[in-house]
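Here is the structure we will look at.
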Amino acid sequence: MPISSFTFILLVLRVNMAQLQPGGPDEKEKTTALKDLLSRIDLDELMKKDEPPLEFPDTLEGFEYTFNEKGQLRHIKTGEPFVFNYREDLHRWNQKRYEALGEIITKHVYDLLEKECNLKKIYLPVDATDNEPKSFIFMSEDAMTNTEKLMVLIHGSGVVRAGQWARRLIINEDLDSGTQIPYIKRAMEEGYGVIVLNSNENYIEVEKTKTEAQPSPDSSDEPEEKRERKEKIPKETKKRRDFYEKYRNPQKEKETVQVYIRMIQRETDVKNKVTAVALTDSVHNVWHQEACKTIREWMRENCCNWVSSSEPLDTSVESMLPDCPRVSAGTERHELTSWKSFQSVFKFFSEALEAKNSRVTPTPTRRSNRIKHEEF
């Protein structure tokens, strides 16, 4: 029975139950019987019969794909681009297959950072104990010794990891538009030291055993306000959520717990040492992140955000937030903003470095005018 049919049956039963609720004893008995029937449905077994196992290859070769000389992902036998709908009418299975391929892409990009860009993988925190969760970044040989200039590359939020701008572009377009590799190579050619951060790798997931003791609220790394909201969730709400999760992800065999990696904030060091920051369609919010006045002032003077827009590249774009100048990236596609603004970003950095040496305020784009923001 297809998944869609099963969903329809559940909806029908729900309607019938709702219709029987206001009635007398007979209706209550029927309602009880229906509830008992629903409780006997084993969603795990039912869904597994309808859907192939969520087991996928762990290499590009296993998927029968490879990157050609242009950095495009192509099928080994047919030469065709990646096909998302590998199995019709099984969207969830196709999505899981896509995600599995994405994990392989992440490892492939890590490999390119080391072999093609000659970056070194550095584990953090540097003073971590043997049993402490760790993350890692990538650095050029001269990253800590280059006294002239250093470029730090930070990807966006989501599933992307170090060296990536957008997984979708890597899979459907090419490595140049979807990875940070062109930025890294250009930066090294211009004499920059390079650091590639891995800012989404903030925790590790470990399997939770049935006998494992639950961590106390006080020992959690979650903000206190978030923990309090979780604790106030009614039992019935949790029960319904668990029921939905079982239906949505029936083949999830392991329960995991997130163990967070130590993080450090150094606002003063950043403001004193960073000359310029280029953002590409950033979704930051100075109010939501409670940025103080000094940070907002620093951002206005040292940052520029290339946003998705139908306007030509580097055209000023109005903003309601007093954070930093916004200019067009020359594309309306969010995931392409880093690639389309490539030349402008390096020009912005060059002007910022020249201005630092001559103590003249840099211009963020080719346009001489700079967006002025009033304090709210």
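FYI, the numbering for the sequence shown is -18 to -1, 1 to 358, going by mature numbering (1 follows the signal peptide of the UniProt record, and there is no 0).
We put the CB at the ideal spot given by N, CA and C, even for glycine.
Applying the 10 Å Cβ sphere with the 16-neighbour rule, what's the burial state of residue i?
i, result
"D296", "buried"
"V142", "buried"
"N180", "buried"
"C286", "buried"
"A169", "buried"
"S159", "buried"
"N284", "buried"
"residue 360", "Nothing can be reported for residue 360, as the shown portion of the chain is limited to -18 through 358."
"R69", "exposed"
"C99", "buried"
"T127", "exposed"
"A15", "exposed"
"R248", "exposed"
"D40", "exposed"
"T238", "exposed"
"S323", "buried"
"T60", "exposed"
Compare the C-alpha of residue i against each of the options and name the closest.
i, options, result
"E43", "C285, E237, H57 and Y165", "H57"
"F64", "E336, R74, T48 and D71", "T48"
"W280", "P307, E300, Q162 and Y92", "P307"
"K103", "V188, V91 and T129", "V91"
"I243", "K275, E187 and A125", "E187"
"G138", "L335, H316 and Q325", "H316"
"Y165", "E336, K275, S332 and V327", "V327"
"V289", "R278, N267 and L318", "L318"
"E51", "L157, I246 and K275", "L157"
"L95", "N113, K78 and F118", "F118"
"E183", "T161, K275, M245 and T14", "M245"
"E171", "T161, Y185 and D124", "D124"
"K167", "Y105, T276 and L101", "L101"
"D93", "S298, Y185, D18 and F120", "F120"
"V241", "K253, E114, L36 and E293", "E114"
"T129", "A337, W321, S340 and K255", "K255"
"P304", "D71, S298 and R278", "R278"
From the DSSP output, in three-state form, read off residue i for me.
i, result
"L83", "helix"
"V289", "strand"
"V65", "coil"
"V108", "coil"
"A195", "Unreliable placement is indicated for A195, whose pLDDT of 44 sits below 50; the coordinate value is still reported in the next sentence. Here A195 sits in coil by DSSP."
"T238", "strand"
"S159", "helix"
"R308", "strand"
"R168", "helix"
"Y174", "coil"
"E187", "strand"
"K89", "helix"
"Q325", "helix"
"I277", "helix"
"I119", "strand"
"L135", "strand"
"S332", "helix"
"K52", "coil"
For the putative contact between residue i and residue j, defined by C-beta atoms under 8 Å, what is the C-beta separation to the nearest angstrom?
i, j, result
"K131", "G173", "7 Å"
"I177", "V108", "The pair is not a contact, with the Cβ atoms about 13 Å apart (cut-off 8 Å)."
"E9", "W75", "About 40 Å; that fails the 8 Å criterion."
Does the ligand MN have a heavy atom nearer than 8 Å to the CB of residue i?
i, result
"S332", "Absence of the ligand MN is noted for the structure shown, with no ligands found whatsoever."
| With a cut-off of 8 Å, do at least 3 Cβ pairs link the region 74 to 87 to the region 144 to 156? | yes
| message | Three or more C-beta pairs under 8 Å: does that hold for the region 148 to 159 against the region 183 to 192? | response | no
| message | Is it the case that the region 249 to 266 contacts the region 308 to 321, given that we only count it when at least three CB pairs across the two stretches are under 8 Å? | response | yes
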